[in-house]
Amino acid sequence: MKWVTCAALLGLMSVAQSAHADEKLTVYSYRQAFLVEPILKRFTEETGIGVNVVFAKDGIAERIAREGRLSPADLVLTSDFSRLVELVDKDLTSAVKSEKLNSNIPAQYRDPEGQWYALTMRVRNIYTAKDRLGPQAIRYEELADPKYKGKICTRSGKHPYNIALVASMIAHHGEADTKTWLQGVKTNLARKPQGNDRGQVQAVKEGLCDIAIGNSYYYGNMLQDPEQKSWAEAVVINFPNQTDRGAHVNVSGMVLTRHAPNKDNAIKLMEFLSGDVAQKAYAEVNMEYPVKTDVAPSTLVASWGEFKSDQLPIFKLAEYHQAAVKLLDEVQFDL
Amino acid sequence: MILGLARSWSLTGYAIAVLLVLPLFALLLQAAQPDEAVFGHLLSTVLPTYIANSLWLILWVSIGSLLLALPCAWLMARCEFIGRRYLQWALLLPLAMPAYIVAYVYTDLFDYAGPVQRSLRALFGWSSPQDYFFPDIRTLGGAACVLSLVLFPYIYLLARTAFMEQSLSLAHASRIMGCSPWQSFWRLSLPMARPALAVGVALVAMETAADFATVNYFAVPTLTTAVYDTWLGYGNLTAAAKLSAIILLVVFSLIGMERFARRKQQLFQKQSRIQASDLYRLSPVQTLLALGYCITLLVLAFVLPSGILLSYAIDYFEQSWDPIFWQLSVNSLSLALITSLVCCAVALILMFIRRVSPRSSDALPSRLASTGYALPGTVLAIGVLVPLTLLDFAINDIADWLRMTGPGLLLTGSTAALVFAFCVRFVAIAIGSVETSYKRISPSLDMVSLTLGQSPRRLLQRVHLPLLTKGLFAGALLVFIESMKELPAALLLRPIGFENLATHVFQFVSDEKLEHGALPAIVIVLVGLVPLIYLNRSLEQDSR
Numbered sequence: 001m002k003w004v005t006c007a008a009l010l011g012l013m014s015v016a017q018s019a020h021a022d023e024k025l026t027v028y029s030y031r032q033a034f035l036v037e038p039i040l041k042r043f044t045e046e047t048g049i050g051v052n053v054v055f056a057k058d059g060i061a062e063r064i065a066r067e068g069r070l071s072p073a074d075l076v077l078t079s080d081f082s083r084l085v086e087l088v089d090k091d092l093t094s095a096v097k098s099e100k101l102n103s104n105i106p107a108q109y110r111d112p113e114g115q116w117y118a119l120t121m122r123v124r125n126i127y128t129a130k131d132r133l134g135p136q137a138i139r140y141e142e143l144a145d146p147k148y149k150g151k152i153c154t155r156s157g158k159h160p161y162n163i164a165l166v167a168s169m170i171a172h173h174g175e176a177d178t179k180t181w182l183q184g185v186k187t188n189l190a191r192k193p194q195g196n197d198r199g200q201v202q203a204v205k206e207g208l209c210d211i212a213i214g215n216s217y218y219y220g221n222m223l224q225d226p227e228q229k230s231w232a233e234a235v236v237i238n239f240p241n242q243t244d245r246g247a248h249v250n251v252s253g254m255v256l257t258r259h260a261p262n263k264d265n266a267i268k269l270m271e272f273l274s275g276d277v278a279q280k281a282y283a284e285v286n287m288e289y290p291v292k293t294d295v296a297p298s299t300l301v302a303s304w305g306e307f308k309s310d311q312l313p314i315f316k317l318a319e320y321h322q323a324a325v326k327l328l329d330e331v332q333f334d335l
Numbered sequence: 001m002i003l004g005l006a007r008s009w010s011l012t013g014y015a016i017a018v019l020l021v022l023p024l025f026a027l028l029l030q031a032a033q034p035d036e037a038v039f040g041h042l043l044s045t046v047l048p049t050y051i052a053n054s055l056w057l058i059l060w061v062s063i064g065s066l067l068l069a070l071p072c073a074w075l076m077a078r079c080e081f082i083g084r085r086y087l088q089w090a091l092l093l094p095l096a097m098p099a100y101i102v103a104y105v106y107t108d109l110f111d112y113a114g115p116v117q118r119s120l121r122a123l124f125g126w127s128s129p130q131d132y133f134f135p136d137i138r139t140l141g142g143a144a145c146v147l148s149l150v151l152f153p154y155i156y157l158l159a160r161t162a163f164m165e166q167s168l169s170l171a172h173a174s175r176i177m178g179c180s181p182w183q184s185f186w187r188l189s190l191p192m193a194r195p196a197l198a199v200g201v202a203l204v205a206m207e208t209a210a211d212f213a214t215v216n217y218f219a220v221p222t223l224t225t226a227v228y229d230t231w232l233g234y235g236n237l238t239a240a241a242k243l244s245a246i247i248l249l250v251v252f253s254l255i256g257m258e259r260f261a262r263r264k265q266q267l268f269q270k271q272s273r274i275q276a277s278d279l280y281r282l283s284p285v286q287t288l289l290a291l292g293y294c295i296t297l298l299v300l301a302f303v304l305p306s307g308i309l310l311s312y313a314i315d316y317f318e319q320s321w322d323p324i325f326w327q328l329s330v331n332s333l334s335l336a337l338i339t340s341l342v343c344c345a346v347a348l349i350l351m352f353i354r355r356v357s358p359r360s361s362d363a364l365p366s367r368l369a370s371t372g373y374a375l376p377g378t379v380l381a382i383g384v385l386v387p388l389t390l391l392d393f394a395i396n397d398i399a400d401w402l403r404m405t406g407p408g409l410l411l412t413g414s415t416a417a418l419v420f421a422f423c424v425r426f427v428a429i430a431i432g433s434v435e436t437s438y439k440r441i442s443p444s445l446d447m448v449s450l451t452l453g454q455s456p457r458r459l460l461q462r463v464h465l466p467l468l469t470k471g472l473f474a475g476a477l478l479v480f481i482e483s484m485k486e487l488p489a490a491l492l493l494r495p496i497g498f499e500n501l502a503t504h505v506f507q508f509v510s511d512e513k514l515e516h517g518a519l520p521a522i523v524i525v526l527v528g529l530v531p532l533i534y535l536n537r538s539l540e541q542d543s544r
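One line per chain: the protein sequences are B and V, in this order. Residue numbers for the first sequence follow full-length UniProt numbering, beginning at 1 and rising by one. Residue numbers for the second sequence follow full-length UniProt numbering, beginning at 1 and rising by one.
Structure representation (structure tokens):
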């Protein structure tokens, strides 16, 4: 029986290594840990407050809801707007009132009540093959144009970035027209939606398709990756709809959780993330557009030129989120 | 049989069994809740496609693995040719390969940008995908091929044994009565092997139904991926539980079919063993064909993928060989170790009770505990999380009531949930292994021990345990391997921020850069090879 006891003890030990509460902040992040870790390290150096960041691709809101008042999470970092709103809708956030946050982040990029704050902006660009199409004054609407039949590559329609784009289409054109548009885009696809945004650019390079939909910062990141540089060099980055409403913009952001164990320190971290140091790091390291107006984008990003962005209030994206998901299911976009 | 076996043994048995079937009931309860119409929406849009995909995949993989396995099994069981001794165990190697790794490697090879299509384009001067037709690997068909390649050894193993155990006099009789060798195979050997084939196909079908990683990577939406998306994407646990219930329906009907096929198994008791002299000697041409077939299969299913994996690992050794790799290995190994120890302990207790108890009802706990094997990882995760979360809150409520600081998420926030889930899923393996070993221990030993005045506990400790060591070890080993490989349950139940080899490798696979994660992938494959060495030994003994 001795080793049975041993087994039981081992089992208990595995339990015991669970989260014992300490003074460190816990950040649940939809963004990959390596993107935010350098910034958080600076925060720890400045304030002495340790930060434990854990990355999960999906299910953070679901997890926090389940963990309830026992959740160790203080802060959630998201990579798009719908996830911010999902957290607010599920009543998992607490309102933050901070002069610093309000002065750093322009009003259209934060919740009036302070439930969520945006940190960076990203454009949903349309990439075209440099040698086959060249720069195009393209509009999202044209993605459904039969002249591009078999030429478009995209990731899953159900990815938050694409859902937000569809939501913006619904906001501008209504559900019925958006459905027709989605059907058109689907018939134009060169292959079933798959992979990530970088994979689409790679597919253009390989000649599988001529048009790829992807976020702006991937272009910058790929140019700096020795392996992927040639992919990025095979495409042109286009800012869509410059002749009318402007390019669709999404935001990454943060919320303070409802049951955050270390609220005060968490707010300090939020203020730090909206400040000059962190905003500059977001711009330089990950090639995103900072929300803080006096922080300039990186030189590389600036070299893509000024562009007009869609002035649709960002909460509209959340409003049409469910409708967008439904339409994507109805046209069986991914199937 | 111990007439006076204390009730406390039975109670312990039932308590363990109830704990282990708890997830199944929790899942069904959850599925019975109303769910804000998400399920209805899915049903009216994409669900029919998901269900159809799942069923087609199960059908194609079953047929595919059957077709791959049958010739090998027959050749190995009834024929003699050069290299047979090596091939008979080498054909088991694909079992060590996680299907999603094979899927990744083949996608790399056969994708538009892969070497195969590139050289075809260079050869024929094609320049765009419109110029020629090439089957897309990221489809249902591609997934079926990949899964068949890694799952066919299950059928091969069972069919081979069945062919070996068939009475040779029947085969002789059929030949004397004028059947050609082919007729004898179709009309006699194959029908007689049917129960074994049914078991093999059912196993393959269940593994297919549980597969998450391959179909996820190929973007083929099936019920398992739908459970994942509905839970984490829609954030609706109840709708996910409803989908899980559909999967369970599929799995349990597969088990039902298997039971149905096996119902007359007694008829097939072996009478005489096939001797080496009975084997059919292949002619040189036949040998060439046989070798060609088996070797091609082996190369496609194991040699090629592991070779490519190895070359990735060498190219990216610098990046992979870091402290994180060690941390991941430690996480995987300790998780697997704890799981296999707990499973063995549980199996031992349950089987001991079943063996010595005079009450026939005491066989029930071990049967109940074995049902967990039928739950695919995604489904199991829901079933585990629901009751453990309740328990976590209860623990903290009690702590509050006692005015103590609560321990936080003691179960769901730690690896405890993972260990529990793995035990539910894999205890059946340990139970099976202990059961087989127990059959070899003569009941007279029990009687002697009791006559000499030993208590049941001493009987277990001093008589059974030493005799069961081998069976326990084999069981522990199998549970260990399965725990190393199990992906969906680990993905869904791990404490946030916890990674093991399987979740780490899968992350790289879904980011389309397995090259960087090849080293941990190789560790999973290598560990998976260990039980095959054991299987090989028992095969060798069989053929002697």
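Beta carbons are placed, not taken as given, at the ideal position from N, Cα and C, and that holds for glycine.
Pair within 8 Å by beta-carbon distance, V:A381 and V:A226: no
One or two residues paired with B:T26 in a DSSP bridge: B:N52
Beta carbon of V:S149 nearer than 8 Å to that of V:P94: Reading off the sequence, residue 149 of chain V comes out as Leu, not Ser. Closer than 8 Å, so yes.
Residues of the segment 63-81 of chain B with Cβ closer than 9 Å to any Cβ of chain V, in chain order: R63, A65, R66, E67, G68, R69, L70, S71, P72, A73
Residues of its chain near B:M1, where Cβ-Cβ distance is below 6 Å and the 5 sequence neighbours each way are ignored: No answer about B:M1 holds up, because its pLDDT of 49 lies below 50 and its placement is not dependable.
Segment contact, 8 Å Cβ cut-off, at least three pairs: the segment 247-262 of chain B with the segment 68-85 of chain B: yes
V:P376 at chain B interface by Cβ criterion, 8 Å: no
V:A336 - DSSP class collapsed to helix/strand/coil: helix
Collapsed DSSP secondary structure at V:S253 in the structure displayed: helix
Distance CB(V:A239)-CB(V:L390) smaller than 8 Å: no
8 Å Cβ cutoff met for B:L328 and B:V166: yes
Residue-level contact to chain B via CB, V:G475, 8 Å cutoff: no
B:I211 in three-state terms, based on DSSP: strand
is_contact[V:R355, chain B] using C-beta, thresh 8 Å: no
Terminal residues of the beta strand (DSSP E) in which V:V303 lies: Counting along the chain, V:V303 falls outside any beta strand (DSSP E), and DSSP gives it neither H nor E.
Counted within 10 angstroms of its Cβ, other Cβ atoms place B:T243 as buried (16 or more) or exposed: exposed
Endpoints, the beta strand (DSSP E) within which B:M121 is located: 117-129
Close beta carbons around V:F152, own chain, < 6 Å, minus the five adjacent residues each side: S65, L68, A69
Range of the contiguous alpha helix (DSSP H) that encloses B:L300: 299-302
Neighbour list for B:N196 in chain V, Cβ cutoff strictly below 9 Å: S510, D511, E512
Three-state class that DSSP yields for V:E80 in the structure shown: strand
Rounded straight-line distance, which links the Cα of V:L409 to that of B:R69: 10 Å
Uninterrupted alpha helix (DSSP H) stretches inside the segment 318-392 of chain V (no shorter than 4 residues): 323-356, 364-370
Close beta carbons around V:S449, own chain, < 8 Å, minus the five adjacent residues each side: R458, L459, R462, V463
Cutoff 8 Å: B:E86 Cβ touching any chain V Cβ: yes
Candidates B:L312, B:K292, B:K316, B:Q32, of which the one nearest B:S103 by Cα: B:K292
Chain-order list of residues whose beta-carbon lies under 8 Å from that of V:V525 (same chain, five-residue window excluded): A96, M97, P98, I101, S306, L309
Alpha carbon of V:S357 to alpha carbon of V:L5, nearest angstrom: 6 Å
Stretch pair the segment 120-128 of chain V + the segment 30-44 of chain V: three plus CB contacts closer than 8 Å: no
8 Å Cβ cutoff, B:A19 in contact with chain V: Residue confidence for B:A19 is low, a pLDDT of 40 falling below 50, so the modelled location carries little weight; the figure read from the coordinates is stated next. Closer than 8 Å to some Cβ of chain V, the Cβ of B:A19 qualifies, so yes.
Sub-8 Å separation of V:A143 and B:D334 beta-carbons: no
Proximity test, Cβ basis, 8 Å: V:I431 and chain B: no
Reduced DSSP secondary structure (H/G/I, E/B, other) of V:C145: helix
Beta strand (DSSP E) runs contained entirely in the segment 195-256 of chain B, provided each spans 3 or more residues: 211-215, 235-238
Close Cβ partners of B:I126 (< 7 Å) along its chain, the five nearest in sequence each way excluded: I138, I211, I213, N238, P240
Residues from the segment 114-137 of chain V in contact with chain B, defined by Cβ distance under 8 Å: S127, S128, P129, Q130, D136
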